[in-house]
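Those sequence lines, one after another, are chains A and B.
Residue numbering for the first sequence is 0 to 337, as defined by numbering that gives the first Met the number 0.
Residue numbering for the second sequence is 0 to 159, as defined by numbering that gives the first Met the number 0.
Glycine is no exception: its CB is placed at the ideal position from the N, C-alpha and C atoms.
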Amino acid sequence: MPAYVPESEDRGGRRQRGLASLFLVLALAVLYMPKGGQQDLAWMLRASLLRPFLTLQASVARARLRARQVEDLQVQLDSLSATVATESALVDENRTLRSILGLARRVGAAFRPASVLRPGTPGSESMFLLDVGAEEGVHEGAPVVDAYGLVGLVREVRPHTSIGLDWTSPDFRVSAMLADGLEFGLVENRRGAFREADRLVLNGMAYHESVEDGTPVLTSGLGGEIPRGIPIGRIDGVAETEAGWRKSYWLRPMVQPASVTHVLVEVGKDTLDLSRAWPVDSIRTRDEALDEQRARADSLAALTDRVHVLRARVNELLRAGGDSVTSGAPGSSPGGGT
Amino acid sequence: MRGRAAVWIAVAGLVLVHFGVHVGVGVGRGAPDLLTVALLLAAREVGVGTAAGIGFGFGLLEDALTVISFGANALSLTIVGVLGAITRDLFVGDSLAFLLSYFVIGKWVRDLITWLMMGEAIRQPFVDQVVVHGFVGGVYAAAVGLVIMAVAGRWREVPR
């Protein structure tokens with residue numbers, strides 16, 4: 000630590016104070032500058048100084064996936080039982096990609112696949128980066144979806160990248176309807192006591208109508224920005240009633256943004272209705288889909304066990320039948336049948 | 000002079016590691032706020048104007064990764080830079096108690112100002128974000144800062 004030497008009042012000290020005031024004014028100016036200017040400045044920094052770190056994140060994500068695959072291969076070589084125990088990560092990744100592929104077929108060419116990156120710095124919790132941008136046809140306000148429903152909306156578009164905000168953002172608002180298309184409302188984010196307690200709420204529902212828990216809520220397409228029929232969540236109880244004329248409901252979201260790695264982004268503005276991509280009877284969350292698959296695998300395993308038991312029983316019966324035939328045959332010795 | 004160079008190398012290293020860990024590898028709150036530690040270290044070496052400039056630059060980098068509260072980090076780190084540099088004229092010597100409180104309070108002030116500037120719609124409750132996370136983050140940052148100062152040879156109980 001340098002020895003205590005007061006700064007010269009005439010030169011150094013005054014210059015330093017002037018500089019400090021200048022930077023404080025600049026910081027305030029940045030805080031209150033127009034949104035467009037802020038976005039340009041942020042993009043410039045992301046495309047220059049921060050680019051290596053963002054590239055690193057993409058590489059780390061790829062390396063993680065590769066490492067997982069290598070591990071899985073190694074485990075498969077080691078033993079079949081170990082494979083069964085550890086292949087879940089690869090299976091999970093495959094499931095995500097397959098579901099995205101399946102969805103891509105259903106929604107058609109109006110959506111493009113993209114990878115999701117998250118900055119991970121304080122204050123950027125609701126934000127994600129996409130590796131597609133204006134050159135690929137992405138536009139501001141475009142919906143970002145995965146196989147289970149709406150992940151968020153594109154907020155800012157650059158030539159080859161874009162920035163989206165998921166439903167945990169306080170700015171998230173989507174016009175919505177119940178699955179039957181009769182009741183309309185507005186879905187928005189409601190802050191919880193802490194970040195993990197953030198929830199979605201469906202506002203503006205008629206007081207006299209009661210909606211059952213579990214009813215799917217979809218985008219309504221009103222306003223023309225977001226196509227109709229994308230699942231947002233399921234009704235999860237009444238949030239509040241207001242003066243006997245309005246009700247709002249909690250929603251259990253279809254998508255948990257933190258677990259999303261691959262998505263589809265709308266690239267045209269022509270899509271009006273996506274109801275066919277998510278038929279009401281096929282709407283489910285990731286956990287529900289996993290439970291369903293697990294139940295299917297369990298019943299398959301039970302059936303396989305039953306087949307083995309029956310086969311063993313048939314073999315036993317055949318053997319017993321053979322024994323009785325050979326023991327009853329003339330000239331054969333007792334117990335000598337095979 | 001060599002010690003001074005070591006501090007600047009440590010500051011540059013901390014900035015790189017901060018963005019490498021938070022952005023590159025994607026570790027969230029599990030990693031300490033090394034950017035504030037780097038600023039507090041640098042602020043003890045320079046005048047208030049330079050410290051404000053460094054804070055402003057660091058804040059802009061952090062703001063480039065947030066969409067909703069752009070500018071909050073720039074302002075908070077500029078103020079922390081100024082305050083950090085002022086402490087050089089107010090406190091002589093680097094006792095353990097002083098350095099510990101310097102890093103803890105520095106980080107806590109940064110969190111407090113960021114929280115104030117974020118806007119009511121997006122900020123977390125005061126107790127959660129400033130009192131609990133700010134204090135724990137401050138202690139975490141102080142531990143890292145003390146290690147760096149010891150390694151860089153800048154931690155001396157008695158001023159020269």
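Classify residue i: buried if its beta carbon has 16 or more other beta carbons within 10 angstroms, exposed otherwise.
i	result
B:N72	buried
A:P253	A quick correction: the sequence has Met, not Pro, at residue 253 of chain A. Buried, by the Cβ-count rule.
A:H307	exposed
A:E265	buried
B:G29	exposed
A:L316	exposed
B:T35	buried
A:S168	buried
A:S331	In this prediction, A:S331 has a pLDDT of 47, which is less than 50 and means its spatial position is unreliable; what the coordinates show is noted afterwards. It is exposed - the Cβ of A:S331 has fewer than 16 other Cβ atoms within 10 Å.
A:I162	buried
A:A19	buried
B:I8	exposed
A:P158	exposed
B:Q128	buried
A:P142	buried
A:G35	exposed
A:V115	buried
A:P333	For A:P333, the predicted model reports a pLDDT of 45, less than 50, meaning its position is unreliable; a value from the coordinates is still stated below. Classification of A:P333: exposed, given that the 10 Å Cβ count is below 16.
B:A151	buried
A:S125	buried
A:F110	buried
A:T303	exposed
B:V135	exposed
A:D71	buried
A:G17	exposed
Do you know whose CA, among the options, lies nearest residue i's CA?
i	options	result
A:E155	A:Q37, A:E315, A:V210 and A:T214	A:Q37
A:P256	A:G132, A:R285 and A:T240	A:R285
B:L98	B:D110, B:L111 and B:G83	B:G83
B:G54	A:L21, A:V266 and A:A66	A:L21
A:D272	A:E224, A:D197, A:V210 and A:A62	A:E224
B:L115	B:H21, B:A149, B:I78 and B:V150	B:I78
A:E239	A:S47, A:L27 and A:S209	A:S209
B:A149	B:L95, B:R109, B:V103 and B:V129	B:L95
A:E135	A:P142, A:V262, A:M126 and A:T160	A:T160
B:L17	A:A46, A:R45 and A:F52	Per the sequence shown, the amino acid found at residue 17 of chain B is His instead of Leu. The candidate whose alpha carbon is nearest that of B:H17 is A:F52.
B:G56	A:L55, A:L44 and A:R65	A:L44
A:R63	A:R310, A:P215, A:T260 and A:D269	A:T260
B:F132	B:A51, B:A11, B:G70 and B:L111	For the record, residue 132 of chain B in the displayed sequence is His; it is not Phe. Selected option, being the one with the closest Cα: B:L111.
A:V55	B:G52, B:V20 and B:V143	The sequence given here has Leu at residue 55 of chain A, not Val. Nearest of B:G52, B:V20 and B:V143 to A:L55, Cα basis: B:V20.
A:A133	A:A113, A:G17 and A:G148	A:A113
A:T214	A:G320, A:G180, A:Q292 and A:R318	A:G180
A:A28	B:G52, B:A11, B:G48 and B:G70	B:G70
A:R233	A:V200, A:V262 and A:L263	A:V200
A:D197	B:V10, B:V143, B:R122 and B:G136	B:R122
A:G148	A:L299, A:A301 and A:S274	A:S274
A:L263	A:L128, A:A46, A:Q68 and A:A192	A:L128
A:E146	A:E139, A:D269 and A:A288	Strictly speaking, residue 146 of chain A in this sequence is Ala, with Glu absent from that position. Nearest C-alpha to A:A146: A:A288.
A:K362	A:E139, A:A311 and A:S58	Within the shown structure, residues of chain A are numbered from 0 to 337, placing residue 362 of chain A beyond reach of any answer.
A:G191	A:L177, A:G11, A:W249 and A:E182	A:W249
A:L25	B:A5, B:F125 and B:G58	B:G58
A:G31	B:G118, B:Y101, B:L40 and B:A11	Before going further, note that residue 31 of chain A is Tyr rather than Gly in the sequence given. The residue with the shortest Cα to Cα distance from A:Y31 is B:G118.
A:E211	A:E195, A:A311 and A:R251	A:R251
B:G105	B:P124, B:A4, B:A5 and B:Y139	B:Y139
A:E195	B:V143, B:T113 and B:P124	B:P124
Rounded to the nearest angstrom, how far is the Cβ of residue i from that of residue j, given a contact under 8 Å?
i	j	result
A:D165	A:V153	At roughly 11 Å, the Cβ-Cβ gap does not stay under 8 Å, so A:D165 and A:V153 are not in contact.
B:D62	A:A41	7 Å
B:L38	A:L49	Not really, about 17 Å apart at Cβ, beyond 8 Å.
B:R109	B:L145	No, B:R109 and B:L145 are not in contact; Cβ-Cβ is about 17 Å, not under 8 Å.
B:V103	B:A50	Contact flag wrong, Cβ pair sits at about 18 Å.
B:G48	A:R14	7 Å
B:L13	B:I147	7 Å
B:W107	B:G80	Contact doesn't hold; Cβ gap of about 15 Å is too wide.
B:G40	B:V6	Sequence inspection shows Leu at residue 40 of chain B; the Gly mentioned does not correspond to that position. Confirmed, about 6 Å.
A:V131	A:V137	5 Å
Checking contacts by CB at 7 Å: is residue i closer than that to chain E?
i	result
A:Q15	Here the protein chains are A and B, and chain E is not one of them.
Three CB pairs or more closer than 8 Å across the stretch 81-91 of chain B and the stretch 43-51 of chain B: yes
The stretch 183-192 of chain A contacting the stretch 262-280 of chain A, beta-carbon criterion three pairs below 8 Å: no
Stretch-stretch touch, CB-based, cutoff 8 Å, three pairs: the stretch 220-230 of chain A with the stretch 117-126 of chain A: Here the stretch 220-230 of chain A does not lie against the stretch 117-126 of chain A, with fewer than 3 beta-carbon pairs under 8 Å apart.
Uninterrupted alpha helix (DSSP H) stretches inside the stretch 183-258 of chain A (no shorter than 4 residues): none
The stretch 168-180 of chain A touching the stretch 217-224 of chain A, judged by at least three CB pairs closer than 8 Å: yes
At least three beta-carbon pairs within less than 8 Å, the stretch 191-207 of chain A to the stretch 240-252 of chain A: yes
Cβ contact (3+ pairs, closer than 8 Å) linking the stretch 62-72 of chain B and the stretch 24-33 of chain B: no
Length at least 4, wholly inside the stretch 0-83 of chain B: the alpha helix (DSSP H) runs in chain order: 1-18, 33-42 and 47-62
Runs of alpha helix (DSSP H) lying entirely within the stretch 32-82 of chain A, each at least 4 residues, in chain order: At a cut-off of 4 residues, the continuous stretches assigned as alpha helix (DSSP H) that sit fully inside the stretch 32-82 of chain A are 34-46 and 50-77.
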